[in-house]
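S.K.: So that we are looking at the same thing, I have put the structure below in structure tokens.
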Amino acid sequence: MLVKMPFNLAVFGVNRGDSVIEKFPEIQKWYIGGHSLGGAMASSYANKHIDKVLGLILLGAYSVNTASLPTIVIYGSEDGVLNRSKLEDVKDKVEIAGGNHAYFGNYGEQDGDGTAIITREEQQNQSILKILDFINSQQKKK
Numbered sequence: 549m550l551v552k553m554p555f556n557l558a559v560f561g562v563n564r565g566d567s568v569i570e571k572f573p574e575i576q577k578w579y580i581g582g583h584s585l586g587g588a589m590a591s592s593y594a595n596k597h598i599d600k601v602l603g604l605i606l607l608g609a610y611s612v613n614t615a616s617l618p619t620i621v622i623y624g625s626e627d628g629v630l631n632r633s634k635l636e637d638v639k640d641k642v643e644i645a646g647g648n649h650a651y652f653g654n655y656g657e658q659d660g661d662g663t664a665i666i667t668r669e670e671q672q673n674q675s676i677l678k679i680l681d682f683i684n685s686q687q688k689k690k
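See below:
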């Protein structure tokens, strides 16, 4: 589920996950994720609500905390925005060959980003498969 953020910026709605979880009490297993700044805000939320989420999915982003929550980071090889040095301690990292920063979303080009070699659709489809693999592997561990 995509959650609408005030002014399209997750920093203004970091706790919006609470209302989503409350709205669907029948769902017992939650993962949270986001792209870029949205990923940073998702990790901030997860760090404060470790009892509510099972894992963290970051697209062109890095965690802003050191929580022991299972985390996957997916990024494009042509990403010119992501600070890769912040990924050194991440166990589950996936590089999408030919992908860039902006192609995780549908908002157009981004200043400082590299030029993607694959299509937006291809990058997003590969990301979906990697996310599903991550969630399925986490469920097998439980």
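All residue numbers for the sequence shown refer to our numbering, where the first residue is 549 and numbers rise by one.
Using N, Cα and C, we set each Cβ at its ideal position, and we do this for glycine too.
May I have the straight-line CA-CA distance separating K688 from I575, to the nearest angstrom?
M.R.: 18 Å
S.K.: Please name the residue in L635, T667, S685 and V568 whose C-alpha comes closest to that of G608.
M.R.: L635
S.K.: Run through the region 590-631 for me and flag every whole beta strand (DSSP E) of 3 or more residues, listed as ranges in chain order.
M.R.: 603-607 and 619-624
S.K.: Does DSSP classify Y655 as helix, strand or coil?
M.R.: coil
S.K.: Let me know the secondary structure DSSP gives F560 once reduced to three states.
M.R.: Any answer about F560 is weak, because its pLDDT of 44 lies below 50 and its placement is not dependable; what the coordinates show is given next. Reduced to three states, the DSSP call for F560 is helix.
S.K.: Do you know offhand how far G653's Cα is from A594's?
M.R.: Cα-Cα distance, rounded: 21 Å.
S.K.: Report, in whole angstroms, the separation of the C-beta atoms of L617 and G581, which I expect to be a contact under 8 Å.
M.R.: Rounded, the Cβ-Cβ distance is 11 Å, inconsistent with contact.
S.K.: Hey, V612 and S592: beta-carbon distance below 8 Å or not?
M.R.: Yes, Cβ-Cβ distance for V612 and S592 is below 8 Å.
S.K.: Please state if the CB of L604 and the CB of A590 are separated by a distance shorter than 8 Å.
M.R.: yes
S.K.: So D599 and T619 are in contact, right, with Cβ under 8 Å, and what is the actual spacing, rounded?
M.R.: With a Cβ gap of about 17 Å, D599 and T619 do not count as contacting.
S.K.: Where DSSP assigns a beta bridge to I644, which residues make up the other side?
M.R.: G624
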